[in-house]
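Q: Structure in structure tokens, see below.
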Amino acid sequence: MSTEDRGEDAAQRRAQSWTTDTGATVCRLVGDLDLDTLDPTRSLLEEALHRGAPALVVDLAGVTFCDSSGLNLLLQIRSAAQKAGVTTRLASAPEQVARLLDITGASAVFSIHSSIDEALCEN
Numbered sequence: 020m021s022t023e024d025r026g027e028d029a030a031q032r033r034a035q036s037w038t039t040d041t042g043a044t045v046c047r048l049v050g051d052l053d054l055d056t057l058d059p060t061r062s063l064l065e066e067a068l069h070r071g072a073p074a075l076v077v078d079l080a081g082v083t084f085c086d087s088s089g090l091n092l093l094l095q096i097r098s099a100a101q102k103a104g105v106t107t108r109l110a111s112a113p114e115q116v117a118r119l120l121d122i123t124g125a126s127a128v129f130s131i132h133s134s135i136d137e138a139l140c141e142n
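Read left to right, the sequence shown gives residues 20 to 142 (our numbering).
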């Protein structure tokens, strides 16, 4: 299986996004967030961002691994969202992802929540 095939399979597992009653878009990521899955994950997040919701909640509970390319993608999406007037919130980050956010200082620029419900309650 090629790297591209793995990325497409991963994108299909990740293709879970919805708009809530509060108007926020929630995007649930599953599996690895790395170079192999970067392009399809970027497409999913950009599509979710362009729905025009006032907030984008990225649910990280199902992420099993995140490397620097995955972190960079999250930062790029946050920047694009900020320019569009959309707030970006991260929810349910597993220990490895939370550690990466802390070590790199990225936790200072994200609104990070312990659950989707908590992220949706943010004013």
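Backbone N, C-alpha and C fix where the C-beta goes; we use that ideal spot for every residue, glycine too.
Model, not experiment: these values are computed from the prediction.
For Asp51, which beta-bridge partners are listed by DSSP?
A: Phe84
Q: Going by C-alpha distance, which of Arg61, Asp53, Ala112 is nearest Ala99?
A: Arg61
Q: Does the stretch 90–106 come close enough to the stretch 133–140 to have 3 or more Cβ pairs within less than 8 Å?
A: Three or more beta-carbon pairs separated by less than 8 Å are not found between the stretch 90–106 and the stretch 133–140, which leaves the two stretches without contact.
Q: Mapping DSSP to helix, strand and coil, what is Ser130?
A: strand
Q: Answer yes or no: do Ala80 and Ser111 have a C-beta to C-beta separation smaller than 8 Å?
A: yes
Q: Going straight from the alpha carbon of Gly26 to that of Thr41, what length do you get?
A: The pLDDT assigned to Gly26 is 49, lower than 50, so where the model puts this residue is not dependable; a value taken from the coordinates is nonetheless given after this. About 31 Å.
Q: Quick one: measure Cβ to Cβ for Ala43 and Val82, integer angstroms, because I've assumed they're closer than 8 Å.
A: At roughly 19 Å, the Cβ-Cβ gap does not stay under 8 Å, so Ala43 and Val82 are not in contact.
Q: For the beta strand (DSSP E) holding Arg108, just list the boundary residues, first then last.
A: 106–110
Q: Could you check which residue in Pro73, His69, Ser88, Cys46 has the C-alpha nearest to that of Leu52?
A: The option with the nearest alpha carbon to Leu52 is Ser88.
Q: Would Leu90 and Leu54 be called neighbours here (beta carbons separated by less than 8 Å)?
A: no
Q: Starting from the Cα of Cys85, find the closest Cα among Ser36, Leu57, Trp37, Thr39 and give me that residue.
A: Leu57
Q: Excluding the five sequence neighbours on either side, which residues of its own chain have a C-beta within less than 7 Å of the C-beta of Thr123, listed in chain order?
A: Leu90
Q: Measuring only the C-alpha atoms, how far is Leu63 from Ala117?
A: 22 Å
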